[in-house]
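First up is the structure itself, then whatever we jot down about it.
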Amino acid sequence: MLAAAVAALAALAALLVAGPAQAATTSDVRGADSGRCLDVAGFSQTDGANVHIWDCHGGTNQRWTLTDSNQLTVYGNKCLDVRGGATTSGTPVQIWTCNGSDNQQWRVNPDGTIVGVRSGLCLEVSGWGKANGTGVQIWSCHGGTNQKWTGLSGTGNSCALPSTYRWTSTGPLAQP
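The sequence shown lines up with residues -23 to -1, 1 to 153 when you count with mature numbering (1 follows the signal peptide of the UniProt record, and there is no 0).
Below, the structure written as structure tokens:
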């Protein structure tokens, strides 16, 4: 009986730590400063195609999915990719067939920034541009509106707690 109780507690603990799987989020990704959408130039599906901002129109070249593996995908199998895997400010982004590399992984933060996992740099509209066709690159995070995006949730990788529990600043679960 004690073994069964221990097994049940271990299973419950695993559920609380792991939490439920997060559903992928698909939407346009809109620049907070420009109001324009992250867009694959010319609806191209070719590896290396440029990504820029463009008037939002709901086309497939503007529908981005944040996956559970922190990739931003378009067309189902193309990832937002830092050109050449670079980690320097000013490097443009492109699309590339998803391959699991960390230059194709992004952290979408609650403050609206999207940060490259490999580089630690923010996705931004180049030169604070607002016009159709303005390029998108990575740059040192500075909090500017050209580095803020809307449309994707920054709440991924969270753990939903049962309603009878509350989170405290010290970390443990406590009954209300």
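C-beta: ideal position from N, C-alpha, C; glycine also. Keep in mind that this is a model prediction, so the values were computed, not measured.
- Arg84: member of the beta strand (DSSP E) spanning 83 to 85, first to last residue.
- Around the beta-carbon of Asp45, fewer than 16 other beta-carbon atoms lie within 10 Å, marking it exposed.
- Measuring C-alpha to C-alpha distances from Thr2 to each of Leu98, Val51, Gly12 identifies Val51 as the nearest.
- Arg60 and Gln71 have their alpha carbons spaced roughly 6 Å apart.
- If you draw a straight line from the Cα of Leu100 to the Cα of Thr127, it is about 12 Å long.
- Going by C-alpha positions, Asp24 is about 11 Å away from Asn54.
- Nearest Cα to Arg95 within the set Gln22, Leu129, Trp116, Ala9: Trp116.
- Beta bridge pairing from DSSP links Trp73 with Cys56.
- According to the DSSP assignment, Thr3 belongs to the beta strand (DSSP E) that extends over 2 to 4.
- The residue from Gly97, Cys75, Gly77 with its alpha-carbon nearest to that of Val85 is Gly97.
- Residues Arg13, Cys14, Asn109 of the same chain have their beta carbon placed closer than 8 Å to that of Asp32, with the five preceding and five following residues left out of the count.
- Here Gln114 carries a strand assignment [DSSP, helix/strand/coil].
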